[in-house]
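Colleague: Let me give you the structure first, and then I'll get to my questions.
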Amino acid sequence: MPNCTNCSAPLPQGSIVCAYCGSRNDVDLKGVHYYTTHETDTSRICPRCSIGMKTIDLRIDGRFLIERCEKCLGIFTDPGELEALLEAAVSNVFAIDRTRLGLLSETRLSAEHPISYLKCPVCSKIMNRINFGSRSGVVVDRCKDHGIWLDGGELRQLCEWMKAGGKLLDQERKEQIRKEEALQEEKRKQSLQHSGTGESYKSFDEYGSSLRAQDPDLFSIVSSAIRFFSRL
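In terms of our numbering, the sequence shown is numbered consecutively and its last residue is 532.
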C-alpha cells in the first residue's frame, strides 16, 4: 500500500488525497522536474500576471521548449506540445482505473483564480475554455492557432489523469461516439431510401387512376417497373 508523501500515512487503493493530513499526492513526473530556465527570449505575455514569460527547456528527446510564468507558474504550450509532454512524462499505462479517475474529477484543484476568459499570450485574442479529455477535471484555455494555457498545478493533475488511464478512457469514448455517428448515418440513409420509395408511390397514385383509365396496358407496365426498382 502506498504512503502519503507528506505524513507517511497509508493511502487506500486508488486514493490521491491523504485522509490524515489532506495532502494531495503527486505522481512521479520524471522528465518534467529536470529543466533549464533561459533568460526571457520571447515576447509572450502571461495572461494572468501580464509579465513576460521565460522559456523552459524540458530536455525531452533533445530540446523541448515551452513558456512559463515565473510568478504564477502557469505554462503555455504550442499546438500538440501538451499531448507530447504528457506522453513523455507518463508511460506504460495499459488499463483504465475508473475509481482513481472518479476521485481526480471530484477533487479538482482549489479555485485560486476566478473563472475568466484569458487572452492568448501570442495574439491577445480571447481563448476558449475547454475540458481536456474525459474526466480529467481540468479546464484549459485554448487558442486554436497558437496553443494551450495551463494554470499552475494543472499539468500535475493532467499527468495524474494520464497515469490513471485517462487517455485510454478518452480514446474509448471517442470510438464509441464514432460508432454511434456511423449508426445514425446508416439509419438516416435507410430513412431517405424508404422516404424516396414512398414519394414514388405517392406521386404515381396522383396520376395513376387517370393513366389506368386512358391506357390500362401502359399503367400495368409502369406499375411493374416501380415495384421492380423499389426492391433494388
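Note that beta-carbon positions come from the ideal geometry of N, C-alpha and C, so glycine has one too.
All values derive from a computational prediction rather than experimental measurement.
Report yes or no: do the stretch 427 to 434 and the stretch 351 to 360 share at least 3 C-beta pairs separated by less than 8 Å?
Modeller: Touching, no, given that fewer than three Cβ pairs across the two stretches are closer than 8 Å.
Colleague: Is the beta carbon of Asp378 less than 8 Å from the beta carbon of Gly447?
Modeller: Contact: yes.
Colleague: Cutting at 7 Å between CB atoms, please list the residues of its own chain near Phe364, excluding the five before and the five after it.
Modeller: Closer than 7 Å at the Cβ level, and outside the excluded window around Phe364, lie Asp357 and Leu358.
Colleague: Touch check for the stretch 342 to 354 and the stretch 417 to 425: three-plus C-beta pairs under 8 Å?
Modeller: Judged by Cβ distances under 8 Å, the stretch 342 to 354 makes contact with the stretch 417 to 425, as three or more pairs qualify.
Colleague: Which same chain residues, not among the five before or five after Glu383, have their C-beta less than 7 Å away from its C-beta?
Modeller: Result list for Glu383: empty, nothing under 7 Å.
Colleague: Going residue by residue through the stretch 429 to 484, where are the continuous beta strand (DSSP E) segments of at least 3 residues, counting only ones entirely within it?
Modeller: Runs of the beta strand (DSSP E) inside the stretch 429 to 484: 439 to 443 and 447 to 450.
Colleague: Would you kindly report the start and end of the unbroken alpha helix (DSSP H) that includes Thr399?
Modeller: From DSSP, the alpha helix (DSSP H) with Thr399 extends over Arg398 to Glu406.
Colleague: Between Cys459 and Ala389, is the Cβ-Cβ spacing less than 8 Å?
Modeller: Yes, Cβ-Cβ distance for Cys459 and Ala389 is below 8 Å.
Colleague: Where do the ends of the beta strand (DSSP E) carrying Leu367 lie?
Modeller: Reading the sequence as shown, one finds Glu at residue 367 and not Leu. Segment Leu365 to Arg368, the beta strand (DSSP E) holding Glu367.
Colleague: On the criterion of 16 or more Cβ atoms from any shown chain inside 10 Å, does Gly380 qualify as buried, or is it exposed?
Modeller: Answer is exposed; the Cβ neighbour count stays below 16.
Colleague: Just to confirm, are Gly352 and Trp449 a CB contact at a threshold of 8 Å?
Modeller: In this structure, Trp449 does not lie closer than 8 Å to Gly352 by Cβ.
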